[in-house]
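Encoded as structure tokens, the structure appears first; notes follow it.
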Amino acid sequence: MRDAFARVSGRLPGGPDRRIGVSPGGRSGRDTGWSNYSEGVDDVRRDPRGTPATKRLNYTAYRLSRALNRAAENSALARGITQPQLLILQVLGEGMPLSNAQVARRTFVSSQAAHVVSEELLEAGLIEKVEHPTNRRVRLVKLSEKGWTELEACTEELREREERLSAELGAELGDSLNEVLDRAAVLLAGGYFGDKDAEAEAVSRRRRPERTRAKRKS
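This is the structure in structure tokens:
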């Protein structure tokens with residue numbers, strides 16, 4: 001899987017050469033595994049304890065996510081749709097009406113945040129409310145016809161970009177990239193492989209950074 005992520009970090013046409021261990025001029029780096037994505041200065045000495053951030057999946061996945069989401073956001077904004085709105089459209093694009101709680105869970109935000117974005121989509125006519133078949137207290141939302149049209153337009157650009165990435169990676173990696181990422185997300189199950197006790201313990205150990213400046217002023 002790390003090899004797949006490394007290939008994702010490779011050079012794309014028209015962009016700088018960012019192959020692992022290769023400098024902009026094509027010279028192999030002295031430190032195997034270092035990518036010139038992590039810029040350095042030749043005459044500055046590296047601490048021997050240092051390891052490439054790109055060897056950690058959380059960093060590389062975040063880097064990949066930033067690149068994909070930035071491009072997706074540009075495609076959406078060209079149609080007057082924000083990134084949070086696009087995520088809701090994509091989830092509703094599975095064809096199943098969802099409650100606000102379900103929308104929030106599927107788009108990784110709070111219920112309040114999901115409600116705000118859903119209201120924007122309702123006002124724009126991209127989604128519409130429907131009755132729950134068995135529970136009158138629960139309101140569901142689904143894509144409107146306009147929403148389906150806008151989502152398809154955005155999806156077409158996303159699909160073209162994904163196909164180009166797949167071609168650049170080659171059939172062996174490109175055809176399995178989405179499956180590998182999805183499988184990894186399912187296995188991690190929120191980061192702790194479904195172990196709620198381990199997750200709760202980790203949350204209990206969290207600390208907020210001390211605000212040194214605020215303390216000095218007080």
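The opening residue of the sequence shown carries number 1 in this note's numbering; numbering runs sequentially from there. Yeah, the Cβ is synthetic: ideal placement off N, Cα and C, and Gly gets one too.
Our contact map puts residue i next to residue j with C-beta atoms below 8 angstroms; I'd like the distance itself, whole angstroms only.
i: L151; j: L89; result: 5 angstroms
i: L68; j: C154; result: About 13 angstroms; that fails the 8 angstroms criterion.
i: Q83; j: A72; result: 7 angstroms
i: V91; j: V103; result: 7 angstroms
Is residue i near residue j, with beta carbons less than 8 angstroms apart?
i: S144; j: E128; result: yes
i: S75; j: E157; result: yes
i: A167; j: G174; result: yes
i: L268; j: L188; result: The question about residue 268 has no answer, for the chain in this structure spans 1 to 218.
i: E201; j: G190; result: no
i: K142; j: P209; result: no
For residue i, I'd like the list of residues in its chain whose CB is within less than 7 angstroms of its CB, leaving aside the five on either flank, ordered along the chain.
i: K146; result: G125 and L126
i: F193; result: L187
Below 6 angstroms CB to CB, which residues in the same chain sit around residue i once its five sequence neighbours on both sides are set aside?
i: S99; result: V138 and L140
i: F108; result: none
i: R30; result: Caution is warranted here: a pLDDT of 41 is assigned to R30, below 50, making its placement in the model unreliable, and no coordinate value can be reported.
i: G93; result: L151
Check whether the Cβ of residue i lies closer than 7 angstroms to any heavy atom of the ligand GDP, and answer yes or no.
i: E168; result: Inclusion of the ligand GDP in the displayed structure is not the case, the ligand content being empty and no account of it being possible.
Ordered along the chain, which non-local residues of its own chain (more than five positions away) have a Cβ less than 8 angstroms from that of residue i?
i: W49; result: Looking at the sequence itself, residue 49 is Arg, so the reference to Trp does not match. Same-chain partners within the cutoff: there are none.
> Can we say the region 128-146 touches the region 105-112, given the rule of at least three CB pairs closer than 8 angstroms?
Replying inline: no
>> Which runs of the alpha helix (DSSP H) at least 4 residues long sit entirely within the region 96-162? Give them in chain order.
In response: 100-106 and 111-123
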